[in-house]
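Protein chains in written order, with the working numbering: chain A, 525 to 971; chain B, 462 to 531.
We treat Cβ as the ideally placed atom computed from N, Cα and C, and that holds for glycine.
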C-alpha cells in the first residue's frame with residue numbers, strides 16, 4: 525500500500541514564515557498557561573520582570589527567563605516529590621517517570637496526563653513514520669520497560685501507526701536475538717551501544733543478523749553515537765539495515781528530533797511542537813546556522829510540567845531545512861546531538877554526572893583517593909571503572925565496600941553497572957590544586 | 462457549542478478538518494458530563510486525548526484538557 529511520506533503533511537511542509545507564526549501563537553498561550561497555573565513559572569517570570577503580554581513577536585522569546593536543571597532540582601528538593609512545577613492537580617496524572625541519571629542524589633520526576641502521554645507517542649510517530657515505519661512493520665523493542673522513559677513512547681507510537689509491537693522486556697541478550705530472528709521482525713529499537721552488542725552476541729551464537737534476520741531498519745536513541753558516521757556505518761553493515769537516529773529527553777518526555785528516510789546526515793526538529801533555540805553556551809546570544817551552540821528547548825506538549833526555554837547543555841549545530849532533500853520545511857541538527865557543554869556523560873543510554881558519582885563515593889570514609897574512568901570495551905561498549913585506593917589500616921573493609929558502592933552507584937543510575945576496582949595505595953594521581961579525577965579514554969567522535 | 466471555521470493561522474478549514482474538529486468538540490462535551498458510566502466516561506477521555514493529537518497536529522486548537530481529567 526502506498527502511504528504519504530509525512531505523518532503530518534500540513535505542518536511538515538508549512539512555509540517557515542507560517543511555521544514561525546504558529547510557534548509564536550503557541551508560545552504566547554503556553555506562557556499564559558504556565559503563568560496562571562504553575563507557581564514555579566510565575567515566580568521565575570515575576571523575578572525576571574516578564575509577563576506573557578510582553579510577547580509581541582517570536583523574537584520576544586528572549587525576554588523569557590531560562591529554566592535550568594538546577595532550578596528544577598532546587599524546586600524538587602524544597603518540595604518533594606515534584607516541586608512547584610506542576611500546572612495541575614496530580615490526580616490528573618496517569619503516568620510517572622524519572623530521568624535516567626541525576627546530577628545530584630535525586631532524579632527529576634515527571635507526571636503526565638492522558639493527553640500528555642498520548643502526545644509523547646505522537647512525537648515518536650512523526651519520527652518513526654518519517655524514518656519509514658509503516659503498518660506492515662514489526663518492531664522489536666530491546667528495552668527494559670522501567671521507570672526511565674526511554675522507548676516507552678516509541679512503543680505506543682508503533683501501536684498507533686499500526687505496526688506489530690514486540691516488547692523485548694527483561695530477557696537475556698541471547699533470548700532477544702532468538703526472538704528477533706524467529707519472529708522475523710523488520711525493525712529493532714535500541715541504543716547504538718546495545719545494537720552493536722546484539723550483533724556481537726549474535727555472532728558468538730553463530731547468527732549473522734544481516735543475512736539471517738529480516739531486520740531492515742534500526743531505530744537508535746539514547747546516545748549521540750546514532751549520528752556518528754563511523755558508528756552508523758558499522759551498525760548498518762552489521763545489521764544489513766538502515767539506521768535512523770532520534771533524540772529526546774525525560775524533561776520533555778519524548779523525542780524532539782529524528783532522522784528521516786533521506787538520511788541527510790542530520791535530524792529534523794519537530795518544529796510545530798517545539799521551539800529549539802541554539803545559543804552561545806557562554807554568552808547566551810543566538811548563534812547562526814552551522815555554528816555550534818547549546819540547545820534551549822520550549823515544548824508545546826506536556827502541559828502538566830510546562831517546559832519553557834529549558835537549557836539542555838546539549839551541543840548542537842543547526843542547519844537549514846534545505847540541507848535535506850525530503851521536502852520538510854523543518855530545520856535540522858547536523859550530526860544530531862554532538863556532545864555536552866557540561867561534564868555529563870552518556871553511558872549506555874544513561875546520564876552520568878561525575879559530580880553525583882563523586883558525592884556517592886565521598887560517603888565512604890575508607891576511600892582515600894579515586895578516579896572515574898570512562899573507556900570503550902571492544903570498540904563497542906562504554907564502561908565506567910571507579911578506581912579507588914583504600915586508606916591504610918582499613919583494607920579489611922574492601923570486599924563489603926566494593927559490593928555496597930557498586931550497588932549505591934547502580935541504584936542512583938537506573939541499574940547502570942559500575943566496575944569498582946581497587947588500586948594499590950599511592951598509585952592514583954594526587955592533586956594540589958584543581959583535581960582531575962575524571963578520565964574519559966573513549967575515542968573522540970568524528971563527524 | 463461554536464466550532465471555529467479557521468485554523469490557528471486563520472486559514473479556512475477543509476471539509477475533513479471541520480469534521481475532525483466537530484468530533485473533538487463532541488468528545489469534550491461528553492467528557493464534561495458526570496452521569497456516564499465508567500466504561501463510557503474513561504473511554505471518551507481516551508478518545509478525546511487521541512482527537513487532541515489530531516486537532517493539535519493540524520493546528521486546529523492548542524489548549525489544555527486537565528479540566529476534563531485528560
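Notebook entry, point to check: alpha helix (DSSP H) containing residue 642 of chain A: first to last residue?
Noted result: Reading the first chain from its first residue, position 118 is the one you call residue 642 of chain A. First-last of the alpha helix (DSSP H) with residue 642 of chain A: 638-655.
Item checked: Contact list for residue 542 of chain A against chain B, beta-carbon separation under 7 angstroms -> Position 18 of the first chain holds residue 542 of chain A. Going along chain B in sequence order, the residues near residue 542 of chain A (Cβ under 7 angstroms) are 470.
Notebook entry, point to check: Can you list, in chain order, the stretches of the beta strand (DSSP E) that have 3 or more residues and sit fully within the stretch 833-858 of chain A?
Noted result: 834-843 and 856-858
Note to self: Could you pull the DSSP bridge partners for residue 862 of chain A from this structure?
What the structure shows: If you number the first chain from 1, residue 862 of chain A lands on position 338. Answer by DSSP bridge pairing: none, since residue 862 of chain A is not bridged.
Checklist line | Among A:865, A:758 and A:760, the one whose alpha carbon lies nearest that of residue 805 of chain A | finding: Looking up residue 805 of chain A in the first chain gives position 281. The option with the nearest alpha carbon to residue 805 of chain A is A:865.
Next item on the list: On the DSSP bridge assignment, give the partners of residue 884 of chain A in chain order.
Entry: Indexing the first chain from 1 puts residue 884 of chain A at position 360. In the DSSP output, where bridge partners are listed per residue, residue 884 of chain A has none listed.
Margin query: Tell me whether the stretch 773-790 of chain A and the stretch 480-490 of chain B touch, counting them as touching only if at least three CB pairs, one residue from each stretch, are closer than 8 angstroms.
Written below: These segments do not touch.
Check: Residues in the stretch 550-583 of chain A with C-beta within 9 angstroms of chain B's C-beta atoms, listed in sequence order?
Finding: 550, 553, 554, 557 and 561
Check: Less than 8 angstroms separating the beta-carbons of residue 652 of chain A and residue 794 of chain A?
Finding: Position 128 of the first chain holds residue 652 of chain A. Position 270 of the first chain holds residue 794 of chain A. Result no, Cβ atoms of residue 652 of chain A and residue 794 of chain A do not sit closer than 8 angstroms.
Next item on the list: Identify, in the order they occur along the chain, each residue of the same chain with its Cβ nearer than 6 angstroms to the Cβ of residue 752 of chain A, setting aside the five sequence neighbours on each side.
Entry: For this step, residue 752 of chain A is matched to residue 228 along the first chain. Within the same chain, 969 come within 6 angstroms of residue 752 of chain A by CB-CB distance, once the 5 residues on both sides are set aside.
Note to self: Quick check on DSSP: helix, strand or coil for residue 813 of chain A?
What the structure shows: The residue labelled residue 813 of chain A in the question sits at position 289 within the first chain. Looking at residue 813 of chain A - three-state DSSP - the assignment turns out to be coil, as it is neither helix nor strand.
Next item on the list: Tell me whether residue 955 of chain A is buried or exposed, calling it buried when 16 or more other Cβ atoms sit within 10 Å of its Cβ.
Entry: For the purposes of this step, residue 955 of chain A is identified with residue 431 of the first chain, where counting begins at 1. Exposed: under 16 other Cβ atoms inside 10 Å.
Check: For residue 735 of chain A, which of A:760, A:531 and A:697 has the nearest alpha-carbon?
Finding: As a position in the first chain, residue 735 of chain A is number 211, starting the count at 1. Answer by Cα proximity: A:760.
Notebook entry, point to check: In chain A, what lies closer than 9 angstroms to residue 507 of chain B by C-beta?
Noted result: Residue numbering aside, residue 507 of chain B sits at position 46 when the second chain is read from its first letter. Correct list: 638 and 642.
Notebook entry, point to check: Quick one, which residues of the stretch 511-522 of chain B are near chain A if we go by CB-CB under 7 angstroms, in chain order?
Noted result: 511, 513, 514, 518, 519 and 520
Notebook entry, point to check: Hey, which unbroken runs of the alpha helix (DSSP H) at 4 residues or more fall wholly within the stretch 885-930 of chain A?
Noted result: With a minimum length of 4 residues, no continuous alpha helix (DSSP H) run stays inside the stretch 885-930 of chain A.
Next item on the list: Give me the Cα-Cα distance between residue 823 of chain A and residue 728 of chain A, rounded to the nearest whole angstrom.
Entry: Locating residue 823 of chain A in the first chain gives position 299, where the first residue counts as 1. Locating residue 728 of chain A in the first chain gives position 204, where the first residue counts as 1. Cα atoms of residue 823 of chain A and residue 728 of chain A: separation of roughly 44 angstroms, rounded to the nearest angstrom.
Next item on the list: Could you check the C-alpha separation between residue 821 of chain A and residue 686 of chain A for me, to the nearest Å?
Entry: Against the first chain, residue 821 of chain A aligns to sequence position 297. Against the first chain, residue 686 of chain A aligns to sequence position 162. Roughly 30 angstroms separates the two Cα atoms.
Check: Closest Cβ-Cβ distance between residue 646 of chain A and chain B: below 8 angstroms?
Finding: Counted from its first residue, the first chain places residue 646 of chain A at position 122. True, the Cβ-Cβ gap to chain B drops below 8 angstroms.
Margin query: Measuring alpha carbon to alpha carbon, tell me which residue in A:690, A:849, A:646 and A:909 is nearest residue 667 of chain A.
Written below: On the first chain, residue 667 of chain A is found 143 positions in, with the first residue counted as 1. Measuring from the Cα of residue 667 of chain A, the nearest candidate turns out to be A:690.
Notebook entry, point to check: Nearest chain A C-beta to residue 485 of chain B closer than 8 angstroms, yes or no?
Noted result: Residue mapping note: residue 485 of chain B aligns to position 24 of the second chain, counting from 1. Taking Cβ atoms only, chain A never reaches closer than 8 angstroms to residue 485 of chain B, which makes this a no.
Note to self: Need the endpoints of the alpha helix (DSSP H) that residue 677 of chain A sits in, please.
What the structure shows: Numbered from 1 along the first chain, position 153 holds the residue referred to as residue 677 of chain A. From DSSP, the alpha helix (DSSP H) with residue 677 of chain A extends over 676-685.
Check: Given that residue 911 of chain A touches chain B, what residues does it touch there, using C-beta distances under 9 angstroms?
Finding: For the purposes of this step, residue 911 of chain A is taken as residue 387 along the first chain, with counting starting at 1. Those do not exist, as residue 911 of chain A stays about 49 angstroms from chain B at its closest Cβ, beyond 9 angstroms.
Note to self: Going by the DSSP bridge assignment, what does residue 822 of chain A pair with across the sheet?
What the structure shows: On the first chain, residue 822 of chain A is found 298 positions in, with the first residue counted as 1. DSSP, once it has assigned bridges, lists A:799 as partnering residue 822 of chain A.
Checklist line | Contact set for residue 516 of chain B: own chain, Cβ-Cβ below 7 angstroms, skip 5 residues either direction | finding: For the purposes of this step, residue 516 of chain B is taken as residue 55 along the second chain, with counting starting at 1. Around residue 516 of chain B: 481, 482, 485 and 522.
Check: Since residue 782 of chain A is in the beta strand (DSSP E), which residue starts that stretch and which ends it?
Finding: Within the first chain, residue 782 of chain A is the residue found at index 258, counting from 1. Residues 778-782.
Notebook entry, point to check: Assuming residue 513 of chain B contacts residue 869 of chain A under a Cβ cut-off of 8 angstroms, what Cβ separation, rounded to an integer in Å, is found between them?
Noted result: In the second chain, residue 513 of chain B corresponds to position 52, counting from 1. In the first chain, residue 869 of chain A corresponds to position 345, counting from 1. About 37 angstroms separates the two Cβ atoms, so there is no contact after all.
Item checked: Span of the alpha helix (DSSP H), counted from its first residue to its last, around residue 521 of chain B -> On the second chain, position 60 is the one that residue 521 of chain B refers to. Careful: residue 521 of chain B lies outside any alpha helix (DSSP H) and carries neither H nor E.
Next item on the list: Name the two residues that bound the continuous beta strand (DSSP E) containing residue 621 of chain A.
Entry: Taking the first residue of the first chain as position 1, residue 621 of chain A is located at position 97. Where residue 621 of chain A is concerned, the enclosing beta strand (DSSP E) stretches over 619-622.
Checklist line | Rounded Cβ spacing between residue 871 of chain A and residue 910 of chain A (contact assumed at less than 8 angstroms) | finding: As a working mapping, residue 871 of chain A is identified with position 347 in the first chain. As a working mapping, residue 910 of chain A is identified with position 386 in the first chain. Their Cβ separation, rounded to whole angstroms, is 12 angstroms, which puts residue 871 of chain A and residue 910 of chain A out of contact at 8 angstroms.
Notebook entry, point to check: Taking 7 angstroms as the line, does the beta carbon of residue 872 of chain A fall inside it for any heavy atom of the ligand MG?
Noted result: With respect to small molecules bound, the structure shown includes none, and the ligand MG cannot be examined in it.
Next item on the list: Please confirm whether residue 952 of chain A and residue 895 of chain A have their CB atoms less than 8 angstroms apart.
Entry: Start at 1 with the first residue of the first chain, and residue 952 of chain A comes out as number 428. Start at 1 with the first residue of the first chain, and residue 895 of chain A comes out as number 371. It is a contact, given that the beta carbons lie within the stated cut-off.
Note to self: Going by beta-carbon coordinates alone, are residue 519 of chain B and residue 476 of chain B separated by less than 8 angstroms?
What the structure shows: Looking up residue 519 of chain B in the second chain gives position 58. Looking up residue 476 of chain B in the second chain gives position 15. No. Outside cutoff.
Item checked: Interface flag, residue 525 of chain B vs chain A, CB-CB below 8 angstroms -> Numbered from 1 along the second chain, position 64 holds the residue referred to as residue 525 of chain B. True, the Cβ-Cβ gap to chain A drops below 8 angstroms.
Margin query: By DSSP's criteria, residue 713 of chain A is part of a beta bridge. Which residues make up the other side?
Written below: In the first chain, the residue the question calls residue 713 of chain A occupies position 189. According to DSSP, which records beta bridges pairwise, residue 713 of chain A is partnered with A:665 and A:743.
Item checked: Backbone CA spacing between residue 470 of chain B and residue 525 of chain B [nearest angstrom] -> Within the second chain, the letter at position 9 stands for residue 470 of chain B. Within the second chain, the letter at position 64 stands for residue 525 of chain B. About 19 angstroms.
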